[in-house]
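Protein sequences appear in the order of chains A and B.
One point on numbering: in full-length UniProt numbering, the residue at position 310 of the first sequence is 310, and numbering is uninterrupted.
One point on numbering: in full-length UniProt numbering, the residue at position 117 of the second sequence is 117, and numbering is uninterrupted.
We put the CB at the ideal spot given by N, CA and C, even for glycine.
Number of protein chains: 2
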Amino acid sequence: MARGEYQNSKLQHLESALESGALAQVRRILNSDLQAADVAHLLESSPPKERKLLWGLIDEENEGDVLQHLGDEIQSWLLNQMSVQEMANAISDLDTDDVADVLQNLPDKVTQEVLTTMDEQDRDRIEAVLSYPEDTAGGLMNTDTITVRPDITIEVVLRYLRRHRSLPDMTDSLLVVNRRDEFIGSLPINKILVSDGDTTVREVMSTDVVSIDPETTDTQVAQLFERHDLISAPVVESHTHKLLGRITIDDVVDVIREEADHSLLSMAGLDEDEDTFAPALKTSRRRAVWLGINLITAFVASGVIGMFQDTLDKVVALAVLMPIVASMGGIAGSQTLTLVIRGQAIGHLDSGNMGWLVNREFIVGLSNGLLWSVIIALATYIWFQDIQISLIIAIAIVINLIIAVLAGALLPLLLKKLGIDPALAGSVILTTVTDVVGFMAFLGLATVFYL
Amino acid sequence: MARGEYQNSKLQHLESALESGALAQVRRILNSDLQAADVAHLLESSPPKERKLLWGLIDEENEGDVLQHLGDEIQSWLLNQMSVQEMANAISDLDTDDVADVLQNLPDKVTQEVLTTMDEQDRDRIEAVLSYPEDTAGGLMNTDTITVRPDITIEVVLRYLRRHRSLPDMTDSLLVVNRRDEFIGSLPINKILVSDGDTTVREVMSTDVVSIDPETTDTQVAQLFERHDLISAPVVESHTHKLLGRITIDDVVDVIREEADHSLLSMAGLDEDEDTFAPALKTSRRRAVWLGINLITAFVASGVIGMFQDTLDKVVALAVLMPIVASMGGIAGSQTLTLVIRGQAIGHLDSGNMGWLVNREFIVGLSNGLLWSVIIALATYIWFQDIQISLIIAIAIVINLIIAVLAGALLPLLLKKLGIDPALAGSVILTTVTDVVGFMAFLGLATVFYL
């Protein structure tokens with residue numbers, strides 16, 4: 001019964017079949033035993049060679065379903081190996097928003113070719129979704145809504161639904177529109193079930209509904225869904241009140257996952273679509289860029305140290321201790337930076353409360369600076385028996401910790417205003433600041449003291 | 001119509017009312033204009049003083065609803081200021097799983113007191129949920145399921161539902177149980193709508209349903225929901241097949257958000273329940289601990305440098321360049337570490353494919369090591385005109401980059417086996433490794449060369 005375990009045993013079967021080379025058995029498990037989402041997960045968890053082998057064993061009619069569940073990077077890779085006709089077949093059964101997502105990963109020319117293989121209604125629907133950027137409500141929406149008029153009775157709605165025989169996935173409510181296709185309310189499925197047949201839609205529909213303009217960003221859509229525990233929401237043009245489609249929770253869950261991944265991975269210079277099992281060459285090339293950027297900041301820090309060579313020549317203990325000053329600043333700053341980036345992502349921070357936060361961070365930086373400077377000064381004195389160096393490192397620690405937390409708090413705001421992603425650029429710039437300030441304060445003070 | 005904007009204008013109203021001190025108006029907006037989730041978000045986005053003021057203005061009958069939407073840390077803080085009776089009133093209208101969540105943040109004694117104020121049925125339900133850890137399917141479940149027997153007709157189900165007049169939130173299917181309360185299938189609401197009245201439940205119910213054992217971890221639950229696009233799933237004891245309750249997507253979305261936040265925040269030594277607007281004193285104390293842990297690793301690195309004081313005394317250029325070796329290792333390692341921690345979190349990595357990954361990372365570390373060592377050696381030669389130092393730094397870079405990526409790949413596995421959270425401890429240990437190896441390789445090689 002417990003499905004999780006049941007799936008795992010299926011996967012183990014598959015692995016042993018793969019190992020023993022029983023490809024017919026693998027093919028059967030892939031195409032009939034496992035669900036498309038599980039096959040996609042399996043592909044994502046496989047190194048390139050096995051991945052290619054497994055994909056080759058998936059029946060053509062299942063390809064679209066599996067594709068839809070794959071990450072962008074793997075999806076593009078597979079699509080690039082297909083002909084236009086294969087692609088069109090593979091995606092023909094998908095929801096409009098999923099087809100749009102797939103097409104957005106293709107070159108424009110190929111997208112046009114695939115669109116021409118479709119019938120007019122499908123093409124119109126997909127072009128409607130494609131006309132909005134992928135990261136907006138318009139790009140997330142599905143056009144497969146079931147609409148009803150306000151003046152019919154629940155009995156008529158029920159008869160209409162029975163003729164349909166099936167409803168789109170994630171349908172928790174029907175959408176009520178007037179003759180001009182303007183959205184006026186929603187009729188929850190549960191209300192249909194518990195209402196008498198002769199009441200009208202107007203009497204039981206909800207008008208206090210979260211409706212979403214197609215230009216709304218996907219971040220805002222996710223916040224609305226999370227805050228209001230929505231399963232689906234109508235997308236409505238806010239000027240004309242025209243109903244364009246609806247957004248469902250499954251797509252919003254993907255947005256939430258991607259956003260959270262984005263902050264985490266960007267801070268390490270990785271892409272949120274990063275394929276865990278990308279081949280070595282591709283991975284090396286991408287990471288090399290990030291290492292190169294960081295190398296520049298490392299040379300900047302070295303340049304600062306280089307300015308104080310004479311001082312270092314005189315007092316070698318400074319060289320031993322200087323990484324402590326830089327590293328404490330880096331840690332303190334990155335705590336604040338992470339907190340602010342996450343606060344921005346979940347919508348807790350705006351210009352109104354930022355002042356309070358900067359102020360609090362200043363107090364935190366100052367008090368932790370004072371606390372740790374005393375401890376570090378003591379440790380330094382015990383180690384080098386030099387009261388001057390102990391004093392110098394204490395002052396440098398206080399300075400660097402205060403600058404670090406202020407930079408951590410203000411950098412994300414500044415970067416956002418400049419249109420630069422704080423999660424991506426924040427930590428590199430922050431490290432440069434804390435290294436430069438740390439070395440400058442420590443070695444600079446030492447130069448002044450020892451002159 | 002567009003609710004997002006509409007809410008924002010409400011919030012702006014509130015802010016201007018707050019500023020002008022029109023508390024009666026603020027109270028009205030808080031209690032009747034805004035939804036509980038919006039009020040909770042407002043509280044989370046407010047510094048402590050305003051937060052206290054706003055909470056005081058919320059009517060007692062709305063407190064529970066708002067509480068339920070608040071983060072753990074703020075929730076505990078508010079609950080600790082309430083009497084048992086106030087608490088019991090505040091949470092009386094919540095879902096069982098939400099009540100259990102709230103109670104889990106209280107001392108055991110208070111929980112018992114609150115439970116005694118409830119009627120027996122509610123108490124039994126909540127104790128059922130409380131008997132499982134918070135981070136398992138049992139702790140996430142709701143006990144408010146609507147169950148039906150397989151042999152009745154759809155017509156009877158409809159009549160039964162109409163008598164009920166309302167269904168629990170997020171009800172996308174009724175659960176089918178036999179006389180012994182064993183789960184045998186689910187009856188999607190949509191199927192009820194499109195089926196003829198005289199078919200039986202057995203004929204239209206789905207038996208291929210993802211059912212979840214109460215001991216399943218919340219991470220696995222989230223993966224099942226994401227992979228299968230579920231809105232709700234039954235919780236079933238896997239040995240007895242007894243139906244215990246159901247889990248709904250709104251709670252799973254919270255799990256997904258918390259997990260993603262956990263990786264991000266833990267890597268900076270922050271708690272995922274971290275209140276963005278926690279007071280300075282509390283924040284300082286927490287961060288101090290993290291700074292202290294990192295200080296130890298910084299002193300370890302300094303200790304390594306200290307071993308080579310004589311060499312540094314002879315060649316001051318080494319002091320200038322040594323941070324580059326450590327920093328490049330730190331960056332390369334943390335990229336791998338982040339990728340592996342995220343791969344573990346979304347279930348891409350297991351012992352089966354880890355070998356491939358370690359191998360790939362070795363190649364990546366080696367090739368990026370070779371690439372950047374050439375560039376760094378050239379830059380070093382231009383700067384210091386010293387071929388020996390250029391060679392030494394090149395070799396040290398290659399060594400450190402390889403060790404860094406291997407440590408980044410293997411540390412999370414090792415930590416997980418030891419029961420330590422890789423997201424929390426990984427980056428500290430990694431930095432220690434890359435600092436120690438970096439300084440040791442660079443200064444050690446220099447000592448050998450220059451002797």
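Along chain A, which residues have their Cβ under 8 angstroms away from the Cβ of residue i?
i: glutamine 335/B; result: Ala268, Gly269, Leu270, Arg287, Trp290
i: leucine 339/B; result: Leu265, Ala268, Leu270, Glu274, Thr276
On the DSSP bridge assignment, give the partners of residue i in chain order.
i: phenylalanine 183/B; result: Val177/B
i: methionine 235/A; result: The displayed chain sequence assigns valine, not methionine, to residue 235/A. Valine 235/A pairs with Ile212/A, Gly245/A.
i: threonine 136/A; result: Thr217/A
i: asparagine 142/B; result: Arg246/B
i: proline 188/B; result: Ser173/B
i: threonine 311/A; result: Answer by DSSP bridge pairing: none, since threonine 311/A is not bridged.
i: threonine 200/B; result: Thr153/B
i: valine 99/B; result: DSSP output for valine 99/B lists no bridge partner at all.
Check whether the Cβ of residue i lies closer than 8 angstroms to any Cβ atom in chain A.
i: isoleucine 392/B; result: no
i: tryptophan 356/B; result: yes
i: leucine 321/B; result: yes
i: glutamate 274/B; result: yes
i: proline 150/B; result: no
i: arginine 257/B; result: yes
i: valine 398/B; result: no
i: proline 47/B; result: yes
i: serine 302/B; result: yes
i: glycine 138/B; result: no
Please list, in chain order, the chain B residues whose beta carbon lies closer than 7 angstroms to that of residue i.
i: valine 316/A; result: Gln309, Leu312, Asp313
i: aspartate 261/A; result: Ala260, Arg342
i: glutamine 12/A; result: Within chain B, no residue comes near glutamine 12/A; the closest Cβ sits about 10 angstroms away, beyond 7 angstroms.
Rounded to whole angstroms, what is the Cα-Cα separation between residue i and residue j?
i: glutamate 19/B; j: arginine 123/B; result: 43 angstroms
i: tryptophan 55/B; j: leucine 43/B; result: 8 angstroms
i: residue 486/B; j: alanine 17/B; result: Nothing about residue 486/B can be reported from this structure: the residues present for chain B run from 1 to 451 only.
i: glutamate 60/B; j: leucine 243/B; result: 35 angstroms
i: residue 454/A; j: serine 76/A; result: Residue 454/A lies beyond the stretch modelled for chain A, which goes from 1 to 451, so this question has no answer here.
i: serine 373/A; j: leucine 378/B; result: 38 angstroms
i: histidine 69/A; j: aspartate 218/B; result: 21 angstroms
i: proline 234/A; j: glycine 245/A; result: 6 angstroms
i: leucine 78/B; j: isoleucine 393/B; result: 56 angstroms
i: glycine 333/A; j: isoleucine 429/A; result: 11 angstroms
i: phenylalanine 308/A; j: alanine 425/B; result: 35 angstroms
Is there a Cβ from chain B that is less than 8 angstroms from the Cβ of residue i?
i: histidine 228/A; result: yes
i: glutamate 44/A; result: yes
i: arginine 180/A; result: no
i: aspartate 124/A; result: no
i: leucine 158/A; result: yes
i: phenylalanine 442/A; result: no
i: valine 364/A; result: yes
i: serine 16/A; result: no
i: glycine 64/A; result: no
i: methionine 1/A; result: Model confidence at methionine 1/A stands at a pLDDT of 35, short of 50, so the residue's coordinates are unreliable; what they give is reported in the following sentence. Interface residue, yes.
Starting from the beta carbon of residue i, find every residue of chain A whose beta carbon is closer than 7 angstroms, and list them in chain order.
i: leucine 70/B; result: Those do not exist, as leucine 70/B stays about 12 angstroms from chain A at its closest Cβ, beyond 7 angstroms.
i: valine 177/B; result: The contacting residues do not exist; valine 177/B stays about 13 angstroms from chain A at best.
i: histidine 164/B; result: Val194
i: valine 253/B; result: Glu226, Val253, Ile256
Considering only their Cβ atoms, is the gap separating residue j from residue i smaller than 8 angstroms?
i: serine 166/B; j: leucine 175/B; result: no
i: valine 250/A; j: aspartate 229/B; result: According to the sequence shown, residue 250/A is aspartate rather than valine. In this structure, aspartate 229/B lies closer than 8 angstroms to aspartate 250/A by Cβ.
i: aspartate 62/B; j: threonine 96/B; result: For the record, residue 62/B in the displayed sequence is asparagine; it is not aspartate. No; because the gap between Cβ atoms is not below 8 angstroms, this pair is not in contact.
i: leucine 357/A; j: alanine 409/A; result: yes
i: leucine 318/B; j: alanine 441/B; result: no
i: asparagine 368/A; j: arginine 125/B; result: no
i: asparagine 294/A; j: serine 327/B; result: yes
i: isoleucine 154/B; j: threonine 199/B; result: yes
i: alanine 137/A; j: threonine 216/A; result: yes
Which residues of chain B have a Cβ atom closer than 9 angstroms to the Cβ of residue i, listed in chain order?
i: isoleucine 231/A; result: Met170, Asp172, Ile231, Ile249, Asp250
Name the chain A residues whose beta carbon is nearer than 9 angstroms to that of residue i?
i: valine 328/B; result: Residue 328/B is actually methionine in this sequence, not valine. Going along chain A in sequence order, the residues near methionine 328/B (Cβ under 9 angstroms) are Leu291, Asn294, Leu295, Ala298.
List, in order along the chain, the chain B residues whose C-beta lies closer than 8 angstroms to that of residue i?
i: alanine 379/A; result: Phe299
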